[in-house]
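Taken in order, the sequence shown gives residues 330 to 692; the numbers are from this note's numbering.
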Amino acid sequence: MISNQILQNTIDGMMNIAHVELCVTDTEGKCVVSTMAEKKNFESEIVEFVKSPADSQEIQNCQFFKIFDEQQLEYILIAAGASENAYLVGKMAAFQLQNLLVAYKERFDKDNFIKNLLLDNLLLVDIYSRAKKLHLQIDMKRVVMIVETSAAKENNIMEMVKDYLGLSGTKEIVTAVDENNVIIVKELSDEQSVRDIPKAAKAIVTHLTKEGLEGVRLAYGTPVNEIKEVSRSYKEAKMALDVGKIFFSDKDVVPYSELGIGRLIYQLPLPLCKMFIREIFAGKNPDEFDEETLTTINKFFENSLNVSETSRQLFIHRNTLVYRLDKLQKSTGLDLRVFEDAITFKIALMVVKYMKYMEAIEF
330 MISNQILQNT
340 IDGMMNIAHV
350 ELCVTDTEGK
360 CVVSTMAEKK
370 NFESEIVEFV
380 KSPADSQEIQ
390 NCQFFKIFDE
400 QQLEYILIAA
410 GASENAYLVG
420 KMAAFQLQNL
430 LVAYKERFDK
440 DNFIKNLLLD
450 NLLLVDIYSR
460 AKKLHLQIDM
470 KRVVMIVETS
480 AAKENNIMEM
490 VKDYLGLSGT
500 KEIVTAVDEN
510 NVIIVKELSD
520 EQSVRDIPKA
530 AKAIVTHLTK
540 EGLEGVRLAY
550 GTPVNEIKEV
560 SRSYKEAKMA
570 LDVGKIFFSD
580 KDVVPYSELG
590 IGRLIYQLPL
600 PLCKMFIREI
610 FAGKNPDEFD
620 EETLTTINKF
630 FENSLNVSET
640 SRQLFIHRNT
650 LVYRLDKLQK
660 STGLDLRVFE
670 DAITFKIALM
680 VVKYMKYMEA
690 IEF
């Protein structure tokens with residue numbers, strides 16, 4: 330449904346151009362919007378006009394027009410004055426309002442279709458038939474992006490994203506399935522546009538940050554080839570957003586393809602995680618490691634288990650690093666210089682981080 334503000338702006342524009350007073354009422358004769366300084370009561374006349382088969386009629390020196398939404402009568406337009414000019418302007422205004430109804434209905438239908446598509450609420454036959462009706466290409470490559478910010482809800486983030494993308498004539502659909510995230514369904518016309526996804530994602534984050542929004546994060550799924558697969562890209566983007574908060578908190582753009590083992594850990598049940606940690610650390614809490622030990626572990630992993638490079642970056646002697654690693658091995662039974670033990674330890678630390686995040690959410 331068109332907002333009253335849009336209706337008022339439309340008839341104000343027509344009146345300023347053609348200098349003919351206009352009024353839009355509902356089918357019961359109640360005024361919706363008007364440019365007329367003096368309000369006139371046409372309720373009885375409108376009720377009779379609604380019952381008549383005529384699409385337009387002159388009543389009390391005014392021109393009356395019916396405006397339909399498909400086959401449903403939605404509004405009555407009144408153009409003040411019986412002159413030919415009033416009839417012509419009224420006819421043009423009615424045509425304009427009729428087109429607005431169609432455009433806004435199509436926009437709503439497209440938004441509703443995309444939401445249901447993302448949430449897997451449509452049968453395959455419905456996806457194809459509705460996409461065709463809405464002029465959406467079925468076999469177009471697309472990717473789904475999710476934008477999240479820590480900004481207050483009164484900021485209209487969706488409109489900010491739409492304004493940046495310049496939706497008129499571009500190939501993005503912007504919508505939302507909840508109040509926390511803005512979803513972008515981006516069409517990818519060629520291989521270059523596929524390669525440019527990270528660049529486009531970073532540009533969106535940079536723009537919103539410059540606009541004063543805080544905590545802007547963007548995650549995106551993998552490109553899909555058909556419209557029926559869009560929901561998969563959305564689910565991947567949603568997982569990337571969640572997993573990114575746990576394991577990639579320093580990144581503001583998180584692709585699903587770069588989640589690595591984090592996406593597997595994210596799907597583990599908490600009881601299994603707790604059992605795994607008990608077995609690895611023998612009931613000890615990894616948080617009990619001192620800051621020096623944690624720094625050594627992280628730097629050792631960053632340098633791909635290279636003892637010489639790690640000791641150089643920590644500004645310590647090689648033997649000091651070896652001593653720390655030996656000490657860690659005695660307390661955990663894991664030697665980080667052994668590839669298999671290093672993998673086990675790395676996974677264990679990620680599992681601990683995941684558990685702490687989930688417990689914080691539940692709390």
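Don't be surprised by glycine CBs; every beta carbon is placed ideally from N, CA and C.
Computed from a prediction, not measured in an experiment: that's the story for all the values here.
Start and end of the beta strand (DSSP E) containing Tyr595? Numbered from its first residue, the sequence shown carries residue 595 at position 266. No beta strand (DSSP E) contains Tyr595, which DSSP labels as neither H nor E.
Using only alpha-carbon positions, find the residue among Gly544, Val454, Lys395, Thr673 that is nearest to Lys574. For the purposes of this step, residue 574 is taken as residue 245 along the sequence shown, with counting starting at 1. Measuring from the Cα of Lys574, the nearest candidate turns out to be Gly544.
What's the gap between the Cα of Thr504 and the Cα of Glu620? Numbered from 1 along the sequence shown, position 175 holds the residue referred to as residue 504. Numbered from 1 along the sequence shown, position 291 holds the residue referred to as residue 620. Thr504 and Glu620: Cα-Cα distance of roughly 44 angstroms.
By Cβ distance, which residues of its chain are closer than 6 angstroms to Met684, with the 5 residues on each side in sequence left out? Taking the sequence shown and counting its residues from 1, one reaches residue 684 at position 355. Cys602, listed in sequence order.
Taking C-beta to C-beta, are Ile556 and Ile475 nearer than 8 angstroms? Position 227 of the sequence shown holds residue 556. Position 146 of the sequence shown holds residue 475. No; because the gap between Cβ atoms is not below 8 angstroms, this pair is not in contact.
Leaving out five residues on either side along the sequence, give the residues of the same chain with a beta carbon under 6 angstroms from the beta carbon of Gln392. Within the sequence shown, residue 392 is the residue found at index 63, counting from 1. The residues are Ala408, Ala415, Tyr416, Gly419.
State the beta-bridge partners of Thr504 as determined by DSSP. Taking the first residue of the sequence shown as 1, we reach residue 504 at position 175. Thr504 pairs with Ile512.
Less than 8 angstroms between the C-beta atoms of Val472 and Ile533, yes or no? In the sequence shown, the residue the question calls residue 472 occupies position 143. In the sequence shown, the residue the question calls residue 533 occupies position 204. Contact: no.
Limits of the beta strand (DSSP E) - the one that Arg546 falls within: What you label residue 546 is simply residue 217 of the sequence shown in a count that begins at 1. It spans 546 to 549 - the beta strand (DSSP E) in which Arg546 sits, taken as one unbroken run.
Contact under 8 angstroms by Cβ, Leu447 with Tyr563: In the sequence shown, counting from the first residue as 1, residue 447 sits at position 118. In the sequence shown, counting from the first residue as 1, residue 563 sits at position 234. Yes. Within cutoff.
Assign Met365 to one of three DSSP states: helix, strand, or coil. For the purposes of this step, residue 365 is taken as the residue at position 36 of the sequence shown. In this structure, Met365 counts as coil in the three-state DSSP scheme.
If I follow the unbroken beta strand (DSSP E) through Asp398, where does it start and stop? The residue you call residue 398 lines up with position 69 of the sequence shown. Its beta strand (DSSP E) spans residues 391 to 398.
Separation of Val511 from Cys360, as counted between CA atoms: What you label residue 360 is simply residue 31 of the sequence shown in a count that begins at 1. What you label residue 511 is simply residue 182 of the sequence shown in a count that begins at 1. Spanning the two alpha carbons is a distance of roughly 36 angstroms.
By a C-beta neighbour count over all protein chains shown, 10 Å radius and 16 as the cutoff for buried, is Leu452 buried or exposed? Locating residue 452 in the sequence shown gives position 123, counting from the first residue. Exposed, since its Cβ has fewer than 16 Cβ neighbours within 10 Å.
What does the alpha-carbon distance come out to for the pair Met403 and Val431? For the purposes of this step, residue 403 is identified with residue 74 of the sequence shown, where counting begins at 1. For the purposes of this step, residue 431 is identified with residue 102 of the sequence shown, where counting begins at 1. A quick correction: the sequence has Glu, not Met, at residue 403. C-alpha separation (whole angstroms): 12 angstroms.
Member of Ala548, Ser660, Thr661, Arg666 whose CA lies at the smallest distance from the CA of Val651: The sequence position of residue 651 within the sequence shown is 322, counting from 1. Ranking the options by Cα distance to Val651, first place goes to Arg666.
Can you tell me whether DSSP reads Pro382 as helix, strand or coil? Residue 382 sits at position 53 when you count from the first residue of the sequence shown. It is coil, neither helix nor strand.
Where DSSP assigns a beta bridge to Arg471, which residues make up the other side? To locate residue 471, count along the sequence shown from 1; it is residue 142. Bridge partners of Arg471: Glu516, Val553.
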